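Read the structure below first, then the notes.
In the working numbering, the protein residues as written are 1037 to 1405.
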């Protein structure tokens, strides 16, 4: 893979994600619109793809004059990185971590990915053409969202989805530090990437594995609010539903001021620490952040404590499942089964009471993402 190949222009202005949804990545202006040249190229491309339903001029006018979410002639425009409904495709710390000191965000969370897919499902029933724009600065996040549509909605493999994405974006540089498709490690204060940094393709492979193993269930009925509450309240997430749960150190998480009294006998943070603004984490070099410098939020999102996904089969059995996002190294507690049989799902209260936990020491404590 030569360096020249990485600079070659994409062969297509956009890729079709199915059902009239197209993803386009280029430089965007302050209104999150492509440049005039990119708009003309995209309009011509879409005019051919829609078989004359819209002329290139009409599409160009919509792109240049419409803002995000605008409705014009059954055309919808979305810019995920600018959507508050998706937290601008950035992890907000789940109420436990101040992320303001980390210059470059990691990949979109599982909740943001599923929310995006559910939004598209709702829109395509009303719009005949849906445009998803991504700036070059957020290319990796946009490619992951577009690839997630191809994997979870269209049913492609991760590799097939990646091949489709490369039709509209440059081939990543073979130099890991320069490759656009890599995300920085969690809690990286430099935002630099390297050979061990997770890639877009690896994230798509994770979604493919979750889909094929039934860990995610039907994404259209996946409950992201319950998934978020589990993270916000217990700093925990399921990697494999009812099998592997990763979490922050319980004694630290129990100090969460938003949920006082999580563990009996342990105090909550003093009222002076209950700030609605992010507070700095004072940690020694090499130590992961802990809840002692937690970022408080005004209120948790609504939803139950139980895992977030409910597939049709699990709904009949009363068992709730959820998919699990990636987590930092050395951050998960070792979880093993107690006396509970594998067919019996834990109740909401049982999340703390019915599992044997062998936690990492506080010195190596990280968090779930």
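Yeah, the Cβ is synthetic: ideal placement off N, Cα and C, and Gly gets one too.
In this text the structure is predicted, and so the values were computed from the model without any measurement.
Residue 1146 carries a helical assignment under DSSP once its states are collapsed to helix, strand and coil. Residue burial is scored here from C-beta neighbours: residue 1245 has fewer than 16 other C-beta atoms within 10 angstroms and is therefore classed as exposed. In the three-state DSSP reduction, residue 1199 falls in the helix class (H, G or I). Shown here, residue 1218 sits in a strand according to DSSP, grouped into three states. Cβ contact annotation for residue 1255 (same chain, cutoff 6 Å, sequence separation greater than five): 1150, 1153, 1188, in chain order.
A direct Cα-to-Cα measurement between residue 1269 and residue 1289 gives close to 8 Å.
Per DSSP, reduced to three states, the secondary structure at residue 1152 is helical. Scanning the stretch 1256-1300 from its first residue to its last, the whole alpha helix (DSSP H) runs of 4-plus residues come out as 1260-1270, 1286-1289. Judged by pairs of C-beta atoms under 8 Å, the stretch 1109-1116 does not touch the stretch 1194-1202, as fewer than three such pairs exist.
Contact between residue 1099 and residue 1083 is absent: CB atoms are separated by about 12 Å, not below the 8 Å threshold. Burial check for residue 1203: the Cβ neighbour count within 10 Å stays below 16, so the residue is exposed. By the beta-carbon neighbour count (other beta carbons within 10 angstroms, threshold 16), residue 1285 is buried. Straight-line spacing of the CA atoms in residue 1213 and residue 1206 works out to 16 Å. Between the alpha carbons of residue 1158 and residue 1185 lies a gap of roughly 13 Å. For residue 1081, the enclosing alpha helix (DSSP H) starts and ends at 1072-1085.
A contact between stretches requires three or more CB pairs, one per stretch, nearer than 8 Å, and the stretch 1123-1143 fails this requirement with the stretch 1061-1081. When the Cα atoms are used, residue 1236 and residue 1177 turn out to be separated by approximately 8 Å. With respect to the C-alpha of residue 1052, the residue from 1167, 1220, 1252, 1275 having the closest C-alpha is 1167.
In this structure, residue 1220 and residue 1229 form a Cβ contact; the two beta carbons are roughly 5 Å apart against a cut-off of 8 Å. By DSSP's assignment, residue 1122 forms no beta bridge with any residue. Comparing alpha-carbon positions, the option among 1271, 1160, 1173, 1161 lying closest to residue 1143 turns out to be 1173.
Assigned with DSSP and collapsed to three states, residue 1098 falls in helix.
Assignment of residue 1186 by DSSP, reduced to helix, strand and coil, places it in the helix class.
With contacts defined by Cβ atoms closer than 8 Å, residue 1240 and residue 1183 form a contacting pair. CA-to-CA, the gap between residue 1231 and residue 1267 works out to about 29 Å. If you compare the alpha carbons of 1292, 1279, 1291, 1169 with that of residue 1069, the shortest gap goes to 1169. Using a Cβ distance threshold of 8 Å, residue 1111 and residue 1163 count as a contacting pair.
Between residue 1295 and the set 1132, 1195, 1055, the nearest pair of CA atoms involves 1132. If you draw a 10 Å sphere on the C-beta of residue 1148, you find 16 or more other C-beta atoms in it, and that means buried.
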